[in-house]
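This report concerns only the one structure given below.
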Amino acid sequence: MSSPILEMHDIAKHFGPVIALAGVSFDVRPGECHCLLGDNGAGKSTFIKTMSGVHKPTSGTISFEGKPMQFDSPRDSMNAGIATVYQDLAMIPLMSVTRNFWMGREPERRFGPLRLLDFEKANKITMEEMKKMGISLREPEQAVGTLSGGERQAVAIARAVYFGAKVLILDEPTSALGVRQTANVLATIDKVRKSGIAIVFITHNVRHAMAVGDRFTVLNRGKTLGTAMKGKVTPEELQDMMAGGQELAILEGSTDGTV
Amino acid sequence: MADERLIQTSKLRKLMMRPELGAIAGTVLVFMLFLAIARDSGMFSPEGIQNWTVVSAQFAIIAVGAGLLMIAGEFDLSIGSMIGFSGIVIAILSVQMGWPVWMAIIAAFLLSVMIGAFTGYLVIKTGLPSFIVSLGFLYILRGLTIWLSILTTQKTIIGGVKQVAEGDWLAFLFGGKIFTGLFQWFGDMGWISTFVRGARKGQPVVEGIPMLVVWALVLIIFGHWLLTKTKFGNWIYASGGDAQAARYVGVPVNRVKILMFMFTAFCATVLATAQVMEFGSAAADRGLLKEFEAIISVVIGGALLTGGYGSVIGAALGALIFGVVQQGLFFAGVESSLFRVFLGTILIVAVIMNTYVRRMITGER
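Structure follows, in C-alpha cells:
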C-alpha cells in the first residue's frame, strides 16, 4: 500500500477550558476512502476543520506528502490540494450548475480589449465532469436548486476533483439524503477513489461507511478509539465504539495492532 | 441518474424562471393599456414619447446601480440623498467657488464614489444590515446637503449653473442632446412637429436625444454585460446568493460589495449631474424618495430582496413601466395621486411573484 498523503499526528485542540480533541492520530492514503466515524459532539467537525486549515491545532503535527505542513487558513490547505465539501456550504441554489462549478475560478476568453467569461468552455467542461460522476445534466444552465441533494453533492465533488484535489474531505455528505440519493453519492465516492484521490468520509452512519470505506477510525469524546481495516471489523463493533468504546479491547486484537 | 421527475419541466416553467419575464409581460401590458386609453392624448407623439422616455431614463439610471447592488446582496437607501448632495456639490464648486464646471463634476463624482465606498466599508466591517447603515447615510447626506447650501448661499436652491456651464465639454455630456441635426431634418421634412411661432420658429419641438437617455442606455448595457458575461458578474451573483459559500471558494466578497456601493453612488451622481445641467440649478431637496423608486424598479424587474438573483434588463424594464405609468396617467387625465396606489400594488404583486419564482428554482415548498 502506498504511503499516506496526509498524516495527522497526536492532534490536540483546546477551545479555552474545553478540550475538543485530545490527541488524535489519523492518516489517509491516495486511492483509499478512510471513514471518520463518531457520534454528535465526538469532535469530528473540529478535526476536519483542523485538517482543512480553519482551526490551528493546539499541539500535534500535520504532514502532507511526507513534509511537515502548517495550514494558516483554508486557502493554504486548498492550495496544497485538500478540498472540503461541506454539507450545506457547497452550492448556491439560485445559480446555474456552471456558475457554481466555476465560482471563484471562472475561465475567461479575450474579446478585443475585454475579458469575458468563457461560457462555451465552462459549460462543456461542466457537462463532461458531471458525466464522469454519472450525472447527465439536461443543461448546464439549470439552477443548482433544481438538483437533488445527492446531485448537489456530486457537483461539489466533481468541482473539487476537477480543480486538482488530492485529498477530498466529505463532511456528512449522506446525512440529509434519502436511500437512493445516498447510493448515488456512495457510487460517486467510489469513482473518485478509483482515480487515485484520497478521501476522508465523515459520517455517523455505520452502514454508509461500511459500503465504501477501506479503513475506519472512530472518534469519541475527542479521542480516537482505533483504526480498523475493512473486513476486520463488523458494523456492530463500529456502532459500539461510537457509542462508548466498550468493545475497544476486542477490536485491538482484530486489527493487527493498527490502533 | 438525473431524477426523472424533474425532466418534465415545461418550456413555460423554464421561461418563467428568467428574472425579467414579469417585467417584459408588465411592459407589454402597460403599453397596451395606454395605447387603449391615452392614444389620442399626445402620449405617443414625439413630444409625448420624449416625456416618458426621459422620466423612465431617470429611473433606469439609478435602478441599474441599485439592481446590481441588490443582486450582490445589499441595499442602499441613501441614493436619493446622494442625488441631492452631488447636485449641490457641483453647484457650490462651480457657481459659488468659480471652479470650471468639468472640474466640479469630476470632484462631485470622486466625492460620491468615496462616500459609497465608505458606506460599503462600514457595512462589511460592522456586519450590520446595509439597510440600517445606508438609512444613516440617507439622513447624514441630506442634512449635509441642506447645511452646505444654506451655509454658502442662504438658500436651498443654487441657480446659475446654466451660465457657467455654457460650452463646457463635460457639462454637455450630461445636459446636452445628440442627433440634433437629424431631428432638425425630420422637422424640415415635416415628419415631426416644429415650432410655428416665436424665436425657435422652424425648430423641431423634440430637438434630439437627451444625454440622460444615452447615459441610461449605456449604463443598462454595461450593467447587463458585467452581470451576465463576465467573471465579476458571477462574483456579484455569488456574493448575494451566499456570501459564506462564495468566500469559501475564494470569491472576494467584500471587494465585490464595496465596489457595488461605489457603482450605486456613481449612478446617483450621473442622475444628479444630468438634472443640474438640465434645470441649470441644484436644489437641496432633489432626489427625495428616489432610493425607493429605484428599489421598486429593481423588484418589478424580478430581483429578489434577499440577493443573488435578478437582472439589469429587468430593472430597466421596471424603470420603463414606472415612467410610462407615471406620465401615462397624466396624459390620460387620471388623478395623479392614484399613481401611488398603483405603485404600492404593483410592488406587492411583484414581490409575491418573485418569491414564487424563487421557490420554483430552489425547490423549497
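Note that the protein sequences, when read in sequence, are chains A and B. For what it's worth, my numbering labels the leading residue of the first sequence as 1376, then goes sequentially. For what it's worth, my numbering labels the leading residue of the second sequence as 4, then goes sequentially. Note that beta-carbon positions come from the ideal geometry of N, C-alpha and C, so glycine has one too. Quick caveat: nothing in here was measured; it's all calculated off a predicted structure.
query, result
"Cβ of residue 349 of chain B within 9 Å of any chain A Cβ", "no"
"Pick from B/344, B/288, B/188, B/331 that is closest to residue 56 of chain B, judged by C-alpha positions", "B/331"
"Residue 1378 of chain A at chain B interface by Cβ criterion, 9 Å", "no"
"Same chain only: Cβ atoms within 8 Å of residue 320 of chain B, ignoring 5 sequence neighbours per side", "23, 26, 27, 29, 30, 303, 304"
"Spatial neighbours of residue 250 of chain B in its chain, beta-carbon cut-off 6 Å, leaving aside the 5 residues before and after", "256"
"Length of the line joining the Cα atoms of residue 282 of chain B and residue 150 of chain B", "21 Å"
"Burial state of residue 39 of chain B (16 or more Cβ within 10 Å)", "exposed"
"Test: residue 1532 of chain A CB closer than 9 Å to a CB of chain B", "no"
"Euclidean distance between Cα positions of residue 1394 of chain A and residue 1387 of chain A", "8 Å"
"Residues near residue 65 of chain B in its chain [Cβ-Cβ closer than 7 Å; skip 5 each side]", "82, 270, 271, 274, 293, 297"
"Three-state class that DSSP yields for residue 284 of chain B in the structure shown", "coil"
"Rounded straight-line distance, which links the Cα of residue 1603 of chain A to that of residue 131 of chain B", "49 Å"
"Exposed unless 16 or more other CB atoms sit within 10 angstroms - verdict on residue 1405 of chain A", "buried"
"Exposure label - residue 201 of chain B; buried when at least 16 CB within 10 Å", "exposed"
"Chain A contact for residue 24 of chain B (CB, 9 Å cutoff)", "no"
"Simplified DSSP assignment, three categories, for residue 22 of chain B", "coil"
"Secondary structure, beta strand (DSSP E): runs of 3+ residues fully inside the stretch 1511 to 1595 of chain A", "1542 to 1546, 1573 to 1578, 1590 to 1595"
"Segment limits, beta strand (DSSP E) that includes residue 1438 of chain A", "1434 to 1439"
"Segment limits, beta strand (DSSP E) that includes residue 1389 of chain A", "1381 to 1390"
"Supposed contact pair residue 213 of chain B and residue 190 of chain B - C-beta distance, whole angstroms, cut 8 Å", "Not quite, the Cβ-Cβ distance comes to about 17 Å (not below 8 Å), so this is no contact."
"Residue from A/1390, A/1581, A/1409, A/1419 whose Cα sits closest to the Cα of residue 1567 of chain A", "A/1409"
"Pair within 9 Å by beta-carbon distance, residue 153 of chain B and residue 95 of chain B", "no"
"Whether residue 1578 of chain A touches residue 1610 of chain A by CB criterion (9 Å)", "no"
"For residue 348 of chain B, the three-state DSSP class (helix, strand or coil)", "helix"
"Residue-level contact to chain A via CB, residue 68 of chain B, 9 Å cutoff", "no"
"Residue 1454 of chain A versus residue 1439 of chain A - alpha carbon distance", "12 Å"
"Beta-carbon spacing of residue 1469 of chain A, residue 1594 of chain A below 9 Å", "no"
"Secondary structure of residue 227 of chain B, DSSP reduced to three states", "helix"
"Chain-ordered residues of the stretch 1452 to 1469 of chain A with a beta carbon less than 8 Å from chain B", "1453, 1461, 1464, 1465, 1466, 1467, 1468, 1469"
"Backbone secondary structure at residue 1490 of chain A - three-state DSSP", "strand"
"8 Å contact criterion, which residue 1478 of chain A and residue 237 of chain B should meet: CB distance rounded", "6 Å"
"Test: residue 1623 of chain A CB closer than 9 Å to a CB of chain B", "Any reading at residue 1623 of chain A is ruled out, since the residue's pLDDT is 48, under 50, leaving its predicted position unreliable."
"Integer-rounded CB distance, given that residue 186 of chain B should sit under 8 Å from residue 209 of chain B", "6 Å"
"Span separating the alpha-carbon of residue 1624 of chain A from that of residue 1381 of chain A", "For residue 1624 of chain A, the predicted model reports a pLDDT of 49, less than 50, meaning its position is unreliable; a value from the coordinates is still stated below. Distance between the alpha carbons of residue 1624 of chain A and residue 1381 of chain A: 27 Å."
"Ranges of the alpha helix (DSSP H) found wholly within the stretch 59 to 128 of chain B, counting only runs of at least 4", "82 to 94"
"Selection from A/1571, A/1546, A/1585 that minimises the alpha carbon distance to residue 1420 of chain A", "A/1546"
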